[in-house]
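Residue numbers (the working numbering): 0 to 393.
The C-beta atom is built at its ideal place from N, Cα and C for all residues, glycine as well.
Structure first, then comments.
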Ligand code: PLP
C-alpha cells in the first residue's frame, strides 16, 4: 500500500462542523428506525413558503438558467436595498450588496476581504461554530473572549477592550446569537462599536437571525449606529432561517462599496453567482410582502410558543438553569452542576434516551448544551421529558 500524500495545512487544521455532525448522527439513527428527538439542527422545520417556491419554479421554466452577475441579479439587490431602508431606515446602494451561496460563505468572504495572515480576530464565546475555522482559513488567529450566563452571554466593552492587541483587526458579533439566542440592546451594541471605533477595528456583524425575535426585543443593524460604524461594518444576513430556505443557499452581505467589490471579486473566482433561478425565489420573498409577512408570522408564533414551553420545562429539571433568550431558535441551558463534560453528557443522552443536543464546548463554552426549538411541539415535549429522566439518573 502506498503512503498517502499529505493534505494541505488548511485541510489538516480544519475542524468539521460539530452541529452538522450531531445532526447527521441523529438523522442516521432515525433512518435506521430509532425514535430520536433531535434538538441539534439549526434549521426551521417548516417548508419554504409556496409563493417563494412558485417564483423559483416560474423562473426555471422561463429559462433563468444561465450565469448571472456575480453579486446577484439587480432586481434582488435592489429589493435588498429597499428592505434595509424599510427595516432600519438604512440607505445603501446596490453596489454595497453581494448575494452569496449561503450566509456561511458571506461570513467567510467578509473575513477574507479584510483579514490577512498574522491578524487577530476577536470572537466572543459562546460563538457560532464556523467563525474560528473561517478565521483560520484566512490565515488569521481567532482570539476568544468567554462570556457566560452571568452577563447573559453578552460581550462587555471592558472585556472587548482587554482583548484588543496591536494585531487585532476585526470583531465578530452575532446578534441575535447562535448559540445562545441572546439579543443585545441598541445601547449595548453602541457601546461595543465605540470601542471598535477607538481601536479602528472592522466588525463582522452576523445578523442572520434579525427577524427571529420575541417579546419586546429589537434587532440592531450595527451599520446604522453611526457613520463610523457604517464605515467599518460588514453586515451578513440571508434567507435561510427567516424564510425556511436553508437548502437554497442564499446569503447577503452589505458593506462599504470597496469591501463589497473585493468580496464580489473573490466570489467571482470561487463560486460565481448564487443559482440564478433560486435568486428569483428570494426576490419573491422580498417583493410579495403580504404573503411573506403572513408566512413568517406563522413560523414566529410557533417558535415563540416552543421557546416558552422548552424554557419553562428546562428550568423545572433539577440541576439545569436556562436563561430566557429572545432571539433565533436556540436555548443554551447550563448543565455544569452535573459534573460531566458537555460532550459526554450529549453522547450519553443520545445513547440512552435518543435525544440529540449539541455540547456547549462545540461553541467554545463548556458546561452548556445548545437546544434548537426549530422542531415540532411533539418532539420538544417528548425530548424534554427524556432529558429530565436522563438528568434524574446523574
Ligand atoms: N450565521 C449564523 C449565526 C448561523 O447560525 C448560520 C447558519 O447556521 C449562518 C450564519 C449561515 O447560514 P446559511 O445557511 O445561509 O449559510
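Residue j beta carbon less than 9 Å from that of residue i
| i | j | result |
| --- | --- | --- |
| residue 188 | residue 110 | no |
| residue 52 | residue 280 | yes |
| residue 24 | residue 349 | yes |
| residue 128 | residue 361 | yes |
| residue 211 | residue 240 | yes |
| residue 266 | residue 99 | yes |
| residue 137 | residue 107 | yes |
| residue 367 | residue 332 | yes |
| residue 365 | residue 335 | yes |
| residue 65 | residue 275 | yes |
| residue 330 | residue 354 | no |
| residue 272 | residue 91 | no |
| residue 175 | residue 124 | no |
| residue 213 | residue 82 | no |
| residue 105 | residue 262 | yes |
| residue 41 | residue 69 | no |
| residue 165 | residue 194 | no |
| residue 48 | residue 327 | no |
| residue 359 | residue 178 | yes |
| residue 184 | residue 219 | yes |
| residue 149 | residue 118 | no |
| residue 245 | residue 43 | yes |
| residue 301 | residue 45 | yes |
Residues that residue i bridges to, as DSSP identifies them
| i | result |
| --- | --- |
| residue 326 | 212 |
| residue 371 | 329 |
| residue 320 | 333 |
| residue 36 | 354 |
Span separating the alpha-carbon of residue i from that of residue j
| i | j | result |
| --- | --- | --- |
| residue 204 | residue 228 | 11 Å |
| residue 173 | residue 225 | 19 Å |
| residue 462 | residue 242 | Here the chain covers residues 0 to 393 and nothing more, so residue 462 does not appear. |
| residue 58 | residue 249 | 16 Å |
| residue 96 | residue 376 | 37 Å |
| residue 232 | residue 287 | 29 Å |
| residue 67 | residue 75 | 12 Å |
| residue 395 | residue 13 | Here the chain covers residues 0 to 393 and nothing more, so residue 395 does not appear. |
| residue 321 | residue 313 | 7 Å |
| residue 142 | residue 122 | 6 Å |
| residue 22 | residue 35 | 11 Å |
| residue 202 | residue 31 | 44 Å |
| residue 133 | residue 308 | 35 Å |
| residue 317 | residue 304 | 23 Å |
| residue 234 | residue 5 | 37 Å |
| residue 50 | residue 85 | 21 Å |
| residue 10 | residue 131 | 14 Å |
| residue 343 | residue 60 | 50 Å |
| residue 116 | residue 56 | 43 Å |
| residue 378 | residue 209 | 26 Å |
| residue 114 | residue 171 | 12 Å |
| residue 147 | residue 126 | 11 Å |
| residue 199 | residue 161 | 15 Å |
| residue 264 | residue 78 | 22 Å |
| residue 29 | residue 238 | 28 Å |
| residue 341 | residue 310 | 19 Å |
| residue 389 | residue 289 | 45 Å |
| residue 384 | residue 306 | 15 Å |
| residue 270 | residue 315 | 48 Å |
| residue 101 | residue 1 | 38 Å |
| residue 207 | residue 254 | 15 Å |
| residue 382 | residue 39 | 12 Å |
| residue 363 | residue 186 | 26 Å |
Whole-angstrom C-beta distance between residue j and residue i, which should lie under 8 Å
| i | j | result |
| --- | --- | --- |
| residue 391 | residue 370 | So it is not a contact: roughly 18 Å between Cβ atoms. |
| residue 299 | residue 339 | The pair is not a contact, with the Cβ atoms about 34 Å apart (cut-off 8 Å). |
| residue 374 | residue 37 | 6 Å |
| residue 191 | residue 145 | With 8 Å as the limit, residue 191 and residue 145 do not qualify as a contact, their Cβ atoms being about 16 Å apart. |
| residue 222 | residue 89 | 6 Å |
| residue 319 | residue 112 | Between residue 112 and residue 319 the Cβ distance is about 41 Å, and since that is not below 8 Å, they are no contact. |
| residue 94 | residue 230 | About 15 Å separates the two Cβ atoms, so there is no contact after all. |
| residue 282 | residue 54 | 7 Å |
| residue 153 | residue 181 | 6 Å |
Give the list of continuous beta strand (DSSP E) stretches no shorter than 3 residues that lie fully inside the region 198-236.
201-205
To test your reading of the DSSP string, which unbroken alpha helix (DSSP H) runs of 4 or more residues are found completely within the region 233-297?
256-269, 275-286
Would you list, in sequence order, the uninterrupted alpha helix (DSSP H) runs of no fewer than 4 residues that lie entirely inside the region 144-181?
156-162
Every unbroken beta strand (DSSP E) within the region 63-143, with a cutoff of 3 residues, ordered by chain:
96-99, 119-124
Inside the region 323-362 only - alpha helix (DSSP H) runs reaching at least 4 residues:
341-352
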